[in-house]
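Take the UniProt record's numbering: the last position of the sequence shown gets the number 570, and nothing is skipped along the way.
Note that the Cβ used here is the ideal one computed from N, Cα and C, for glycine as well.
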Amino acid sequence: MSMDPTTGGLLTAASRHSGPRWAALCLVSVAATGAGLLLPAALGRALDLLLAHAPATRWVLICATLVLLLTGLDACETVLAGTLDARTTAFLRRRVTGHVLALGPRATLRFGPGDLVARLVGNAAQAGTAPGARAALLAALAGPVGGVVALGVIDPWLAAAFLTGAPLLTLLLRSLARDTSTCVADYQRVQGRVASALAEAVGGTRTIRAAGTADRDAERILRPLPELSRAGRRMWRVQGRAAARAVAVAPVLHLAVVAVAGMLLSRHRLSAGDVLAASRYAVLATGVGVLVGQLSGLVRARTAARRLGEVLAEPAPTHGDRSLPPDGPGRLELRGVSARRGARTVLDGVDLVVPGGTTLALVGRSGAGKSLLAALAGRLTDPDAGEVLLDGVALPALSRAELRAAVAYAFDRPALLGTTVEDTIALGLRRPSPARVREAARTACADAFVRRLPDGYATPVADAPHSGGEAQRLGLARAFAQRGRLLVLDDALSSLDTVTEHQVTEAVLGRAATGTRLVVAHRAATAARADTVAWLEGGRVRAVGTHAQLWGRLPGYRAVFGAAEEEAGA
């Protein structure tokens with residue numbers, strides 16, 4: 001289902017998701033307000049009958065019934081509001097999480113992992129209160145409006161006395177909405193900065209501990225706290241001033257209504273019961289304090305929804321409906337590909353062809369764009385210019401299922417997802433089978449250590465101890481299990497010991513290997529096993545050839561591997 005990424009569109013979609021529940025909450029809230037508006041009139045009528053020594057039992061029972069009804073409606077309103085908030089929050093988190101995953105690496109590059117977590121956890125929970133806040137604000141508005149109408153019904157002069165202060169109340173509420181929105185936006189933005197710094201530190205805990213910089217990094221993470229505190233104080237000052245003004249204005253309006261009612265009582269235009277009812281309606285009509293609280297909650301929810309809308313406004317990649325040729329060899333082609341990261345052009349006009357069934361090693365210094373090119377090869381990200389084709393079909397033209405089945409990835413630090421080890425290896429397979437999982441694990445030299453785990457392949461991933469090399473082998477097994485026509489290894493052998501690396505390299509690059517392989521290589525031995533090497537430098541492909549050819553005639557190529565590798569190559 002498409003969604004308008006604007007704040008209003010997002011909250012409308014959230015309300016529509018729980019439409020019946022939201023409608024029920026609105027009805028209950030309005031019914032509670034209606035019962036509250038009937039109660040003063042019933043009390044006034046009962047008082048008049050009692051003062052006249054007439055039977056008032058019926059009206060007393062009506063008053064008691066209204067009180068019981070208000071109690072029941074209040075309980076229903078509490079339950080409905082709580083469940084509506086929970087459902088809406090879950091809906092928003094699902095939508096934004098799905099969009100973040102569809103965006104892929106672009107999401108973290110644009111917002112940062114910590115800020116995304118803050119939006120998905122804190123902002124989604126706050127935005128999830130918006131439908132309930134709308135219903136509550138509707139009821140909060142119905143109370144004052146109904147109170148003014150009831151004053152007019154009792155006597156028009158009572159309504160006129162109250163309405164003299166209506167422009168002041170309107171200005172008060174408009175100022176509150178404007179100022180609260182600005183303060184809440186500042187507060188949530190600083191929260192996101194703190195979360196980003198914290199996520200970065202959590203990811204680098206070993207480095208921080210090894211460097212002994214825990215105190216310094218704690219200070220860096222918490223540096224925005226004074227700014228957060230100032231934003232928070234501004235937010236509560238705005239609401240405090242609004243509440244104080246409401247407290248100052250409301251009694252004056254209440255007193256004016258009561259004074260006019262007393263004057264009308266002295267002229268015998270009102271009864272004592274009417275004065276009691278007018279006093280109660282004046283309280284309802286001056287319920288600005290309730291309006292301030294509800295309006296503030298809605299403003300906070302809308303501001304949080306705006307931060308979610310910023311994520312949803314990032315366009316997710318679209319997929320076509322084409323399929324790959326059934327007997328395609330896995331020919332990969334990059335035509336005039338350019339890609340930027342921020343203001344820096346990482347790849348600039350890259351033209352490259354990897355014939356089907358061959359292995360291409362990507363070699364270059366750190367920052368040369370090897371990993372970015374590897375990501376482009378399987379459409380983990382899109383180029384800013386140019387196109388990438390697999391067996392003659394542009395990647396955006398392929399359906400999502402076709403693309404993901406055709407391209408398998410293994411990374412230097414794979415994310416081990418799934419419940420068990422077997423789930424981790426079978427992740428993404430359309431028809432997983434134990435035999436296929438175990439075959440892939442054997443190819444990745446992971447079968448032996450998996451069998452030594454307490455429950456073998458059924459061991460929960462969280463309980464499976466694994467070093468960096470073992471994690472890489474599980475990631476390789478997952479890629480091998482997919483059996484796509486293009487296999488991309490982004491530094492996926494860096495943590496393996498020499499013997500295991502040799503065995504895995506033989507499986508990936510040896511004569512028995514099938515499909516096309518794109519390997520980010522940091523070692524001369526890996527590049528030497530590839531059919532072809534592409535040397536990246538300065539965002540361009542400087543040279544393409546075999547490792548021996550490039551090693552023999554290009555000193556810059558040899559320098560990529562360092563002096564130790566050069567001696568080994570000699």
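- Nearest in C-alpha terms to Gly114, of all of Leu390, Ala406 and Gln188, is Gln188.
- The DSSP-derived three-state label of Glu314 is coil.
- Between Ala530 and Leu390 a beta carbon distance of about 19 Å is seen, past the 8 Å cut, so the two are scored as non-contacting.
- Here the alpha carbon of Gly34 sits roughly 9 Å from the alpha carbon of Leu70.
- Under the 8 Å Cβ criterion, the stretch 150-168 does not count as touching the stretch 324-340, having fewer than three qualifying pairs.
- Inclusion of Val149 and Ala285 in the CB contact set at 7 Å is not warranted, their separation being larger than that value.
- Unbroken alpha helix (DSSP H) stretches of 4 residues or longer found wholly inside the stretch 477-532: 498-509 and 524-529, given in chain order.
- Between Val437 and Ala481, the beta carbon gap of about 6 Å places them in contact (Cβ cut-off 8 Å).
- By the neighbour-count definition (other C-beta atoms within 10 Å, threshold 16), Gly378 is a buried residue.
- Along the length of the stretch 228-283, whole beta strand (DSSP E) runs at least 3 residues long do not occur.
- For the 7 Å CB-CB criterion, Ala81 and Trp59 do not form a contact.
- Annotation: the continuous alpha helix (DSSP H) that includes Val96 extends over Thr57 to Leu103.
- Counted as a single uninterrupted DSSP element, the beta strand (DSSP E) harbouring Leu352 occupies residues Arg344 to Val354.
- With fewer than 16 other Cβ atoms from the protein chains shown falling within 10 Å of its own Cβ, His53 counts as exposed.
- One alpha carbon belongs to Cys183, the other to Asp48, and they sit about 50 Å apart.
- Following the DSSP letters along the chain, one finds Leu390 inside the beta strand (DSSP E) bounded by residues Ala385 to Leu390.
- Around the beta-carbon of His268, fewer than 16 other beta-carbon atoms lie within 10 Å, marking it exposed.
- Residue pairing from DSSP places Gly545 in a beta bridge opposite Val533.
- Sixteen is the threshold: since fewer than 16 other Cβ atoms of the shown chains lie within 10 Å of the Cβ of Trp236, the residue is exposed.
- A straight-line Cα-Cα distance of about 11 Å links Pro144 and Leu138.
- In this structure the stretch 344-355 lies against the stretch 527-545, because at least three pairs of beta carbons, one per stretch, are closer than 8 Å.
- In this structure Val238 is not in contact with Ile221, their Cβ atoms being roughly 28 Å apart against a cut-off of 8 Å.
- The distance from the Cβ of Ala527 to that of Val533 is about 5 Å, consistent with a contact at the 8 Å cut-off.
- When the five nearest sequence neighbours on each side are left out, the beta carbons in the same chain lying within less than 8 Å of the beta carbon of Pro105 are those of Ala375, Leu380 and Thr381, in order along the chain.
- Assigned with DSSP and collapsed to three states, Ser296 falls in helix.
- When the five nearest sequence neighbours on each side are left out, the beta carbons in the same chain lying within less than 7 Å of the beta carbon of Arg307 are those of Arg119, Asn123 and Gln188, in order along the chain.
- Using a Cβ-Cβ distance cut-off of 8 Å, the stretch 357-371 and the stretch 302-320 are not in contact, since fewer than three pairs of beta carbons, one from each stretch, lie closer than that value.
- In this structure, DSSP gives Arg331 a state outside helix and strand, which the three-state scheme calls coil.
- Of the residues assessed, Gly364 falls on the buried side of the cut-off, its CB having 16 or more other CB atoms within 10 angstroms.
- Residue environment for Arg45: buried (at least 16 other C-beta atoms within 10 angstroms of its C-beta).
- Here Phe91 has Ala14 and His17 as same chain residues with Cβ atoms under 6 Å from its own Cβ, once five neighbours each way along the sequence are excluded.
- Look at Arg540 here: in three-state DSSP terms it is strand.
- Assignment of Ser338 by DSSP, reduced to helix, strand and coil, places it in the strand class.
- Straight-line spacing of the CA atoms in Ser366 and Gly19 works out to 53 Å.
- By DSSP's assignment, Arg322 forms a beta bridge with Leu398.
- According to the DSSP assignment, Thr419 belongs to no beta strand (DSSP E), since it is labelled neither H nor E.
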